[in-house]
Amino acid sequence: MGRRVWWLVVLIGLALVGGCAGSPAHRPAPASESSTAQQFQPAAEPGAVDIPRIGAHSTLVPLGLNADQTIEVPPVGTPGQAGWYSYGPAPGEVGPAVILGHVDGGGRQGIFHRLRELVPGDEVSVSRKDGSVVRFAVSRTEQIDKDVFPSEAVYGDTAGPELRLITCGGSFDRDAHSYRDNIIVFAVPA
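For the sequence shown, UniProt numbering assigns the number 1 to the initial residue and increments by one for each residue that follows.
Pasting the structure below:
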């Protein structure tokens with residue numbers, strides 16, 4: 001397992017134990033130079049995500065790391081806001097670009113409330129700040145127990161550009177203030 005993937009495994013594992021409503025406790029590794037050196041499209045910061053089938057649209061805020069080196073999540077107080085992990089590949093670059101969103105927050109539905117409904121072939125488009133649009137097609141949607149999060153499948157190196165959409169799902173553990181599962185959508189260029 002490569003260094004990048006190892007760090008991502010550690011970070012995702014920690015984040016998933018912490019739930020989706022706060023700041024996940026995983027520490028992502030910076031993108032390796034090899035994963036961003038070859039690009040499907042020139043690097044451009046993503047500006048918005050659109051998922052027509054589920055009526056989801058959000059601007060994208062860049063997400064980085066908190067002071068404790070855990071990955072940031074979009075503000076739970078604005079559950080309709082999605083974010084892009086800016087230390088990884090941008091959508092359209094070689095590698096798995098990651099967009100995070102809440103299923104709910106503050107008693108309101110989140111941007112990814114219906115993410116689990118996506119099926120193979122559904123379109124996801126990412127508008128970039130340079131005016132270009134990168135289109136992806138869903139290849140699969142999985143609901144995974146947080147204790148067995150598939151870090152290699154989500155964050156491992158890919159031969160081309162890919163997209164991952166991640167939110168919480170499954171039943172809610174009131175004692176832990178966390179959902180027990182994650183919904184993960186895998187998408188490839190359309």
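A virtual CB, placed ideally from N, CA and C, is assigned to each residue, including glycine.
| Check | Outcome |
| --- | --- |
| Below 7 Å CB to CB, which residues in the same chain sit around Pro150 once its five sequence neighbours on both sides are set aside? | Ile144 |
| Using 8 Å for Cβ pairs, my map puts Ile183 next to Arg116. What's the rounded Cβ distance? | 5 Å |
| Considering just the uninterrupted stretch of the beta strand (DSSP E) at Ala97, what are its terminal residues? | 95 to 100 |
| Residues bridged to Asp173 by DSSP? | Ser178 |
| At which residues does the alpha helix (DSSP H) containing Glu152 begin and terminate? | 151 to 155 |
| With H, G and I counted as helix, E and B as strand and the rest as coil, what does DSSP make of Asp122? | coil |
| Would the stretch 43 to 56 count as touching the stretch 124 to 135 if we require 3 or more Cβ pairs under 8 Å? | yes |
| By the three-class DSSP mapping on this structure, what secondary structure does Phe186 have? | strand |
| I believe Gly83 touches Pro91 by the beta-carbon criterion, under 8 Å. Please report the beta-carbon distance rounded to the nearest angstrom. | That pair is no contact at about 13 Å. |
| How many angstroms separate the CA atom of Ile111 from the CA atom of Tyr179? | 16 Å |
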